[in-house]
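Residue numbers (my numbering), protein chains in the order written: chain A, 192 to 579; chain B, 192 to 579.
Take a look at the structure below.
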C-alpha cells in the first residue's frame, strides 16, 4: 500500500463528523485560560475526533476563530467528503512545514492588522505525540518568534467521555467481539492450533462488520498463557490446559476489548480457586466503579481481592484502561492514577493471574461508567467454562 | 488487552534473534566516528532487530561494550526466552526514567574509573521516534551533563538490506498474500460486499500462517477506487466496475504488500488503456531497479511511462517503499529521494492511476534488488483479469 495507516480512526463512516463543531468549540473555549493563539493537532485519533477526517496523513491547525486541515493529494476526495468544520489544504511535501509556514503567515498578517487573526505568538502542540524531529521541522518553518507550549491531554480528556452516538457504536463493537467468541467455542478442542482459532475469531468479527481486529488477537494455551501478551502461535491446544482469548473489533473507528479464559477438560481445584479469585477481583473493580472515584481506587479494589486469595503477586499489570478511538486511552486504571471517573467513560476491567509453567487466567470486560455505577457493554458469560 | 501492541516485530518466532550479536557489533562499530558513548534505541522494530525482543514495551541501551534491554514485568518470561545478547532489566514504572538513571550511574562510575565504561557523555537517541515528552523525561533522569545527539537512520539503513533468513520469511509472506488473493478471485462477483472479500482474504492469510494483516486490507470498488486508501466498506460490488485489492501478511514480524486490480465485466477500451499504462509503468520501474541507481530514478521511470500515456497527473503517490519489519521503511521510491539502491533491499513497485468518479487501477509487487537487477517476490499474475 502507498503509506502506513494508523490503527485507530480509519473507517469512512464514523460517529465523529457530526459533533465536530461542538468539539472544536469546546476546545477553543479552553484557549483563553492558556492565552493560546493556535494549537497544532497532530495525533490522528485527535484529528479525527475534531474534524471527522479518517486519513492516515493529516494535521489540524486550530485557532480561536477557525480550523484548517492539512493533508496530501491522496486524500483530496476523502477530505472533501469527511471534513465540514475546517478548511482543507492539500499540501505537496511536508505537512509540518506547511503548518509552520501558515503560522508564520498568520503572525505576519496579525502584525499588519489585515485579518481577524491576532498576532499569533503562543502556539500549543502535542508534546506526547510529536517526535523531537517533527517538532524541529515545525519550529524551523514557523520561525523563532513562536512560543511553543506543550498542551497535551485536553482532547484526550474530552474523548474519554463518550456521547450517545459513540456509545451506540461501542455497544455494537462489544457485541461483535462477544458473539464471535461464543461462536468459536465449539471449535476449542485438543489439537486445534491457537492461530486457527485467532483466524476464526477475526473472520467472524469482520463478517459482522468490523473493519479489523482492534489489536493482534491473543490465543494463549497452557504455559503460554503465563505471558500476558502471547499472540496466537501455531501451538496445538492440549488436554487439561487453560486457554486465554483476548480479542477486540474495530467498528467505525471505535474498539472493543474482551478477554475470556476456558479450561479444556475438567479443571482441578487449584485452577477453580484461581479463576474464582480473578472473577471476584473483576467484580470488586466493577463495584468500585462509579462517577467521582479515582482510577487508582478501582485498581486497588481488584488488587485487594486478589490479595485475599494470596494471588496479588501474580497480577502483573494494571486493572484496566480507557477504550474508544484507541485501544488504550484515558483513564488508566492503575496504581497511583489520580484521574477521577466520570459518567460516560468506558474502561476495561481485566484482572489476571499468571503462573509460570502452568498458564494464565484473565477476565476482561468493557464497562461504561453510568450516573450511579457501571454497566458492562460486553455481555458474554463470565463463569469458568470447562470444555470436555 | 493489557497494553497497546506495536504493528511490527510482534511474533515470537522471528529471524532476528540469531543475528543479534552481528547486528549490535555493526552498530557499535559506528560509535567511534561520532564519538558516541551510548545510544538509546526506543523504536520497537529497531529494538527487535538488534535484540530479538518482540514485546510492546522495551528500550535498548547500547554502549560500546554491551547492550541492556529495559522492559516491564509483563515480559519477564518472554524477554528471558528471546534476548541473548543483552542483559535484561525488569523495570517498575517508566522505562525512560530507568534508562536515564542508568546513564547517570554509568557516568558516575566512569568518573571514578571503577568500571570499563568510560565517562558517558555523548549519547545518541532516535529523534525521529522519541516524542518531545519522552525526550524530556530521559533528559531529566540522565542529568544535565549528557550531550544528546540525534542519531537516526543508522539501524533503519542496516534493516533495509535483508539477509538470507529475512528473505526466506519475506518470500513466504509474499506467497501467503498471493495465494490468498488467487483463492478469493472466484468470489468476486456483482453483489458481494467489499468487506466480505477483505474478511475472506484476511482469514486465508491467517490460516496460511500469517500473524495478521500487515495493514487494513483495501478492497475498493467502482468510484471508491479513486481513493488510494479506501478501506474495505460494506459497499456491494457492481457490474462493470474496477476493484482494487491491496493486502499484505505479517509473518514472523515481516510484511508483504500486494495490490491487484480486476474488472468485473468486460473492460471498455479506455480502462484497458489505463491498465496497460500502469503495467508498463511498473515494468519500467522494475527495469530501472538495480544496485547503484538512486530511489528517485526508479520513481522517475514509472512516472515517465505514465506521462507517455498522458496519465502522470493521475498518479498521486510515490512509486514504492522499502518493506520488512515495517510496511513502510527505507528506501522510499519517490521524487527527490537520493538514497542508492543496494542488493538485498526489498521495495514495493506500485504505480497507480486514479480517476475521480470512475475508479482506480494500481498494480503492486514486492521486488528484491539482486546483484544484477531485480526479482519479484510476489508472483501472482499481473495481466488485467476480467471477471464475467
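From the three backbone atoms N, C-alpha and C, an ideal C-beta is built for every residue, glycine too.
Asked                                                                                                                                                                               : Found
Please identify, using Cβ separations under 8 Å, the residues of the segment 406-437 of chain A that lie next to chain B, in order along the chain.                                 : 406, 407, 408, 409, 417, 418, 419, 420, 421, 422, 423, 424, 425 and 437
Can you pull the chain A residues whose beta carbon is under 7 Å from the beta carbon of residue 269 (chain B), in chain order?                                                     : 418
Going by the CB atoms, is the gap between residue 458 (chain A) and residue 603 (chain A) shorter than 8 Å?                                                                         : Since the first and last residues shown for chain A are 192 and 579, residue 603 (chain A) lies out of range.
If you drop the 5 nearest sequence neighbours on each side, which residues of the same chain put their C-beta closer than 6 Å to that of residue 416 (chain A)?                     : 433, 435, 550 and 551
Which of the three DSSP states, helix, strand or coil, is assigned to residue 375 (chain A)?                                                                                        : helix
Is the separation between the beta-carbon of residue 296 (chain A) and that of residue 227 (chain A) shorter than 8 Å?                                                              : no
Whose Cβ in chain B lies nearer than 8 Å to the Cβ of residue 326 (chain A)?                                                                                                        : 323
Our contact map puts residue 240 (chain A) next to residue 346 (chain A) with C-beta atoms below 8 Å; I'd like the distance itself, whole angstroms only.                           : 6 Å
Could you name the residues of chain A that residue 319 (chain B) contacts, counting a contact when the two beta carbons are closer than 9 Å?                                       : 322, 323, 324 and 325
Listed in chain order, which residues of the segment 393-407 of chain B have Cβ atoms closer than 8 Å to some Cβ of chain A?                                                        : 393, 394, 397, 398, 400, 402, 403, 404, 406 and 407
Rounded C-beta distance between residue 448 (chain A) and residue 330 (chain A)? I'm assuming under 8 Å.                                                                            : The Cβ separation is near 37 Å, so there is no contact.
Taking the alpha-carbon of residue 230 (chain B) as reference, which of B:325, B:274, B:428 and B:343 has the nearest alpha-carbon?                                                 : B:343
With a threshold of 8 Å between beta-carbons, can residue 572 (chain A) be considered close to chain B, or not?                                                                     : no
Taking contact to mean at least 3 C-beta pairs separated by less than 8 Å, is the segment 351-369 of chain B in contact with the segment 411-428 of chain B?                        : no
Could you pull out every residue in the same chain whose Cβ sits closer than 7 Å to the Cβ of residue 561 (chain A), ignoring the five residues on either side in sequence?         : 534
Please confirm if residue 547 (chain B) has its CB atom under 8 Å from at least one CB of chain A.                                                                                  : yes
Look at the alpha carbon of residue 510 (chain B) and the alpha carbon of residue 398 (chain A), and state the distance between them as a whole number of angstroms.                : 33 Å
Spatial neighbours of residue 379 (chain B) within its chain, please: CB distance less than 8 Å, with the 5 preceding and 5 following residues excluded, ordered by chain position. : 388, 428, 434, 453, 455 and 578
Should the segment 483-497 of chain A be regarded as contacting the segment 264-276 of chain A, the criterion being three or more beta carbon pairs within less than 8 Å?           : no
How far does the beta strand (DSSP E) with residue 545 (chain B) in it reach, from first residue to last?                                                                           : 543-546
DSSP on residue 576 (chain B), reduced to helix/strand/coil?                                                                                                                        : strand
Quick one: using the 10 Å Cβ neighbour count with 16 as the cut-off for buried, is residue 197 (chain B) buried or exposed?                                                         : Bear in mind that a pLDDT of 33 at residue 197 (chain B), under 50, signals an unreliable position, so the number given afterwards is only what the model happens to contain. Classification of residue 197 (chain B): buried, given that the 10 Å Cβ count is 16 or more.
Please check if any C-beta of chain A sits within less than 8 Å of the C-beta of residue 359 (chain B).                                                                             : no
Any Cβ of chain B within less than 8 Å of the Cβ of residue 487 (chain A)?                                                                                                          : no
Pull out every residue of the segment 497-509 of chain A whose Cβ sits closer than 7 Å to any Cβ of chain E, in chain order.                                                        : The question asks about chain E, but that chain is absent: this structure's protein chains are A and B.
Going by beta carbon distance, what residues of the same chain come within less than 6 Å of residue 291 (chain A), once the five residues before and after it are set aside?        : 329, 332 and 333
Mind listing, in chain order, the continuous alpha helix (DSSP H) runs of no fewer than 4 residues lying wholly within the segment 510-569 of chain A?                              : none
Can you give the Cα-Cα distance for residue 402 (chain B) and residue 477 (chain A), rounded to whole angstroms?                                                                    : 33 Å
Give the DSSP bridge partners of residue 340 (chain A), in chain order.                                                                                                             : A:315
When you compare the CB of residue 341 (chain B) with every CB in chain A, is at least one pair closer than 8 Å?                                                                    : yes
Tell me whether residue 306 (chain A) sits in a helix, a strand or coil according to DSSP, three-state version.                                                                     : With a pLDDT of only 49 at residue 306 (chain A), under the threshold of 50, the placement of this residue in the model should not be trusted; the figure read from the coordinates follows. Three-state DSSP puts residue 306 (chain A) in coil, outside helix and strand.
Which residues, taken in chain order from the segment 522-543 of chain A, show a beta carbon closer than 7 Å to some beta carbon of chain B?                                        : 541
Assign residue 385 (chain B) to buried or exposed, taking buried as 16 or more other Cβ atoms, counted over all protein chains shown, within 10 Å of its Cβ.                        : buried
Does the beta carbon of residue 386 (chain A) sit closer than 8 Å to a beta carbon anywhere in chain B?                                                                             : yes
Rounded to whole angstroms, what's the CA-CA distance from residue 430 (chain B) to residue 412 (chain B)? Just pull it up for me.                                                  : 10 Å
Check whether chain A comes within 8 Å of residue 515 (chain B), counting only Cβ atoms and requiring the distance to be less than that.                                            : no
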